[in-house]
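One structure below.
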Amino acid sequence: PEADLKVTGIDFLKSKNCPQHHTDAYNIKNLVVRRGKPFELQISFSRELKASDKLALRFGIGEKPMKNRGTLVSLNPSREPDLSGWKISVTKKSGKECLLSVTSSPSAPVGKYALNVKTGSTIYKPENSEVYLLFNPWCEGDVVFLEDDAKRKEYVLNDTGSIYVGSANSIYSRPWNFGQFEESILDACMYLLDKSELKLAKRRDPVTVSRVMSALVNANDDNGVLLGNWSGNYSNGTSPMDWIGSVSILQQFYKSKKPVCFGQCWVFAGVLTTIMRCLGIPSRCVTNFNSAHDTDDNLRVDVYLNEYGEKMSSMSFDSVWNFHVWNDVWMKRTDLPAGFDGWQTIDATPQEQSQGIFQCGPCPVKAVREGSVYLPYDGTFVYSEVNADQVYWLVTEVNGRQKFTKLSTETRAIGVHISTKAVGQDQREDITLEYKFPEGSEKERKSMQKASSFIRPATIFPRSHYAAGQVVPMEDSPEPLQETVSKTGLQIQITNKEPLYPGSPLELLITVKIASPGSWAINLTGSCQLQSYTGKIEANLGYVKETIKLEGQSEKQIPLRVMPDTYMGTLAAVEDEVLVHVTAIAEVQGVDDKLTKEVTKRFNYPPVTIQMPERAKLNEEFSCAFIFKNKLNVALDNCKLMVEGLGLFKMTTFDQGDLEPGRIMKSEIICKPTRVGEKKIVAKLSAAQVKGISTEKSITIFE
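Residues 631 to 1333 in the working numbering are what the sequence shown spells out, letter by letter.
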């Protein structure tokens, strides 16, 4: 009789399989493949394989793999195809070697599969036997299939990018290293999948996988990756402003298995992008400027101003964030009626519970646009963030009681310049029209009506903390709010004469215009405040209050000047980036014509520059210098420079001490490239007075 057939070795043929599966960038010993696409294994036997031999390759996922649950797949080249949708065939036999081709099902659960080979009664288990199976946007049979190769390169394979922040009036990009291929990032994602306690069968579905990951990236109910903190004090952790990428966050989390301190919205979104791209779900960071929060699902934000035109953020239940960053992930929604495939919104920033947990989405972007907010998941929440209206109230004191006067209604300010990084280039792409129909169009009106019928109607009286029991409702109508239209063609513009450099006077201008003939007296109130990006007021810096006369179609400029000693203390005391917020209220005497205008601008900063060659050779050292000249009129205290270059060097921090005006600081790092292609170096400077001057530069690494 023949000697028993035994397996003597398995070659996972990584150098052949990984490039075909677009997984060659993962920094891991194991084989990483994508579902629905063939990969090859070379098996060596103790003797030649005969037709009568019993041979089965067994792929198991989870603690106790079982065939009837679809978590154990047993593949036999000479048997009928397996019911699980996996396939196997012998591609080539020569002597004791045998080349096998294995194709997983395009809807197989994603995760780590342990492989063993059964021949007769013996089982062979190779070293590094775990094969990582990922979602496959290159495979038409996979629900995450994305047709365009340039989009797959950007949304799945690009490990660097930009997140747009600032304010609607001054948008800027913050470089971010996603680093989905770096050491232990894939294992951190697998750990999170296990931690999610998702049933293995559910791991085939990107809808459930993206939803649980939106919950696990925040630490709120499940000891997830990041602890959110908006307090302005980050002494017992890392300030959210100091991160420049997801890698150090996910590595720290995977090592300690404890939440990392601290995150704010762009950090949550950056980390969630890393996890989605790492697992093979196409993903992009999306920034919504003037994002409505906590609107109580009534599509309205109340803004309270005092007699100096200063915003009273402590009075509001709801708020408008200068920007908010979430994620879009790409998939077919087989769980919904037709027409809602494509981009889906998910959000890991902990704001509101959904089904008892801080998670949000996936919500089809097309459902937001059409007002179909009842579709799962969390449609009303996302819809409100981009479509709420703002109502401005003047709060005055009359006989010891607060009186609320409605100033104006703004229906177009929320949800503007919705932004993401463009495909294949370092530019902002405006995707507002994917989220909403053009303002004022018939389609927009219909979408609004549809959404409003599912979101409880708003009654128009202020919902302030102090207003309980003291307020006379002004008007009570469930009609959608109407934009305030000026009778005299009144307009306000807010500009700055000079760039807003910390340590210099803030030279602001409020321009009042009128379009109707005649003589007009206009009461103007304008105020300047410092606020953090969530709309929280950090300091009141000054105001102007005067009556101006305008004749016919004319305009007048009113200066508002803030000296440095008024605001520098706040800049140094608050650990967040603060923005300059200007509010103006104009009221035409004799006619009921009032207008409110708000503008938020970020400070200007001198640049950090990176000096290095344009090209460098693999495994050969080159030097990279970071230079910063303090061109401000004030010293910068406790300067820190954070730098990172994926494939070049790990995140490094230089402590630079204090930098007097006019002084130059220079730091140098020696890099030894470990991967070829275009690589990016990201640098960010922080000090007590400035919270994050960032820059990036590319270098091409060749063999």
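Virtual Cβ for every residue (Gly too), placed ideally from N, Cα, C.
Since we're looking at a predicted model, the values are computed, not measured.
Item	Value
In this structure, how does DSSP classify residue 708 when only helix, strand and coil are distinguished?	coil
Is any non-hydrogen atom of the ligand ATP found closer than 6 Å to the C-beta of residue 860, if you look at the structure I gave you?	This structure lacks the ligand ATP, and indeed carries no ligand of any kind.
Where do the ends of the beta strand (DSSP E) carrying residue 1333 lie?	No beta strand (DSSP E) holds residue 1333; DSSP gives it neither H nor E.
Using a threshold of 7 Å, state whether the C-beta atoms of residue 1309 and residue 1287 are closer than that.	no
State the Cα-Cα distance for the pair residue 1246 and residue 1300, rounded to the nearest angstrom.	12 Å
Alpha carbon to alpha carbon, how far is residue 977 from residue 875?	18 Å
Helix, strand or coil: which one does DSSP assign to residue 720?	strand
Give the single residue among 1329, 804 and 1265 whose Cα lies nearest to the Cα of residue 1345.	The structure shown has nothing for residue 1345, since the chain only spans 631 to 1333.
In the DSSP assignment, find the unbroken alpha helix (DSSP H) run with residue 781 in it and report its ends.	779-782
Enumerate in chain order the residues of its own chain whose CB-to-CB distance from residue 638 is below 7 Å, with the five nearest sequence positions on each side excluded.	674, 675 and 676
Under the three-state reduction of DSSP, which class applies to residue 1302: helix, strand or coil?	coil
Which residue's Cα is closest to the Cα of residue 1192: 1137, 1229 and 1258?	1137
Which stretch, first to last residue, makes up the beta strand (DSSP E) that contains residue 931?	930-935
Can you tell me whether residue 1313 is helix, strand or coil according to DSSP?	strand
Taking its Cβ as the centre, do 16 or more other Cβ atoms sit within 10 Å of residue 1115, making it buried, or is it exposed?	exposed
Taking the beta strand (DSSP E) that residue 1214 falls in, what are its first and last residues?	1208-1218
Using the Cα positions of residue 1169 and residue 1159, report the straight-line distance between them to the nearest angstrom.	6 Å
Any idea which residues DSSP pairs residue 1246 with across the strands?	1331
Express the C-alpha separation of residue 752 and residue 728 in angstroms, rounding to a whole number.	18 Å
Short of 8 Å in beta carbon distance, which residues of its chain neighbour residue 1062, apart from the five on each side in sequence? Order them along the chain.	1045, 1046, 1047 and 1048
Tell me which residue opens and which closes the beta strand (DSSP E) that residue 1256 is part of.	1252-1259
Comparing C-alpha positions only, which one of 1135, 1282, 820 and 942 sits nearest to residue 883?	820
Helix, strand or coil for residue 696 per DSSP?	coil
Start and end of the beta strand (DSSP E) containing residue 1283?	1279-1289
What are the complete alpha helix (DSSP H) segments, minimum 4 residues, inside the region 1015-1087?	1062-1065 and 1072-1084
Counting C-beta neighbours from all protein chains within 10 Å, is the total for residue 1081 16 or more, i.e. buried, or is it exposed?	buried
Is residue 763 closer than 7 Å to residue 794 when the C-beta atoms are compared?	no
So if DSSP puts residue 794 in a beta bridge, which residue, or which two residues, is it bridged to?	803
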